[in-house]
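Working notes for the structure below.
Chains as they are written, first to last, in the numbering used here: chain P, 1 to 112; chain Z, 113 to 227.
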């Protein structure tokens, strides 16, 4: 399975601090994506990084990808209470089929 | 665009009853996905369609589950008969299907409770 596994499972920080979440996966990938899920809602796409990229930025988000270690990290800088949500990494393989596999997620709680 | 639309948003039913969940994907998207989310198992892909054709249903848990996509703007997920262990949030998602982007757009989900 190429399922991503997030670490930590839960994270609690103060508003203004940075939050770092990690994702590991098992097989070769085309790309890796991060999604956010607010309580009671569907997942929302945040950012995609391709297998030939090492780092990508989008606003307060920074994603890194290390294909040699099969791992990725999501950094949220200057966190806000509104960032409280679950964050999932999702991997899309480069072998046959069209499955994006989601990890178990990291629950982030940002205290105001 | 209104995004992916799912109905109903909440469904409470009794064991043994038939349940039908509905999804309208984003117009122009070629792929449609059905997921199930529980605390124990996380987010599981049940089945996905490409141009209305089921491509992979290996995630469908049992014969009690079936999914159809009669046209590009509508899909259903049916559970018959339903069981308490089917209680979960069911999400529908759609995407353009470009393998380089693969961004999926999720609906708000249907929270199913089987008593």
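All residues carry an ideal CB built from backbone N, CA and C; glycine is no exception. Here the structure is a predicted model, which is why all the values come from computation and not from measurement.
Checklist line | For residue 1 of chain P, three-class secondary structure by DSSP | finding: Residue confidence for residue 1 of chain P is low, a pLDDT of 42 falling below 50, so the modelled location carries little weight; the figure read from the coordinates is stated next. Reduced to three states, the DSSP call for residue 1 of chain P is coil.
Note to self: So, with DSSP's three-state summary, where would you put residue 81 of chain P?
What the structure shows: helix
Check: So which of Z:199, Z:138 and Z:208 has the shortest CA-CA distance to residue 149 of chain Z?
Finding: Z:199
Item checked: Within chain P, the residues that residue 224 of chain Z reaches when beta carbons sit closer than 8 Å -> Residues of chain P passing the Cβ test: none, with the nearest at roughly 14 Å.
Next item on the list: Let me know if residue 26 of chain P comes out buried or exposed under the rule of 16 or more other beta-carbons within 10 Å of its beta-carbon.
Entry: exposed
Checklist line | Test item: CB-CB of residue 48 of chain P and residue 106 of chain P under 8 Å | finding: Cβ distance not < 8 Å, so residue 48 of chain P and residue 106 of chain P don't count as in contact.
Check: Do residue 61 of chain P and residue 84 of chain P have their C-beta atoms closer together than 8 Å?
Finding: no
Check: If we count the other Cβ atoms within 10 Å of its Cβ and call it buried at 16 or more, is residue 219 of chain Z buried or exposed?
Finding: buried
Item checked: Beta-carbon proximity check, residue 43 of chain P vs residue 88 of chain P, cutoff 8 Å -> In this structure, residue 88 of chain P lies closer than 8 Å to residue 43 of chain P by Cβ.
Next item on the list: Give every residue of the same chain whose Cβ lies closer than 7 Å to the Cβ of residue 167 of chain Z, excluding the five residues on either side of it in the sequence, and list them in chain order.
Entry: 160 and 161
Next item on the list: Can you give me, in chain order, the residues of the stretch 18-47 of chain P that have a beta carbon less than 9 Å from any beta carbon in chain Z?
Entry: 30, 31, 33, 35, 37, 40, 41, 42, 43, 44 and 45: these are the residues of the stretch 18-47 of chain P whose beta carbon lies less than 9 Å from some beta carbon of chain Z, given in chain order.
Margin query: Using a Cβ-Cβ cutoff of less than 6 Å, which residues in the same chain neighbour residue 189 of chain Z once the five nearest sequence positions on both sides are dropped?
Written below: 133, 146 and 179
Check: By the criterion of Cβ-Cβ separation under 9 Å, what are the contact partners of residue 216 of chain Z in chain P?
Finding: 33, 35, 43, 45, 90 and 100, listed in chain order.
Next item on the list: Kindly indicate which three-state DSSP category residue 66 of chain P falls into: helix, strand or coil?
Entry: strand
Next item on the list: Starting from residue 222 of chain Z, follow the beta strand (DSSP E) in both directions and report where the run begins and ends.
Entry: 222-226
Check: Quick one, are the C-beta atoms of residue 129 of chain Z and residue 193 of chain Z less than 8 Å apart?
Finding: Taking 8 Å as the Cβ cut-off, residue 129 of chain Z and residue 193 of chain Z qualify as a contacting pair.
Next item on the list: Quick one: give me the first and last residue of the beta strand (DSSP E) that residue 181 of chain Z is part of.
Entry: 177-183
Checklist line | Contact set for residue 99 of chain P: own chain, Cβ-Cβ below 8 Å, skip 5 residues either direction | finding: Hits under 8 Å: 92 and 93.
Note to self: Can you tell me where the beta strand (DSSP E) holding residue 277 of chain Z begins and where it ends?
What the structure shows: In the structure as shown, chain Z begins at 113 and stops at 227. Residue 277 of chain Z is therefore absent and cannot be evaluated.
Item checked: chain Z contact residues for residue 104 of chain P, given Cβ-Cβ distances below 7 Å -> In chain order: 154.
Checklist line | Length of the line joining the Cα atoms of residue 36 of chain P and residue 15 of chain P | finding: 18 Å
Notebook entry, point to check: What is the rounded straight-line gap between the Cα of residue 227 of chain Z and the Cα of residue 75 of chain P?
Noted result: 41 Å
Note to self: If distances are taken between C-alpha atoms only, which option among Z:122, Z:138, Z:131 and Z:120 comes closest to residue 216 of chain Z?
What the structure shows: Z:138
Margin query: Beta-carbon within less than 7 Å of residue 110 of chain P's beta-carbon, same chain only, minus the 5 sequence neighbours each way: which residues are those?
Written below: 13, 15, 79, 80, 81, 83 and 84
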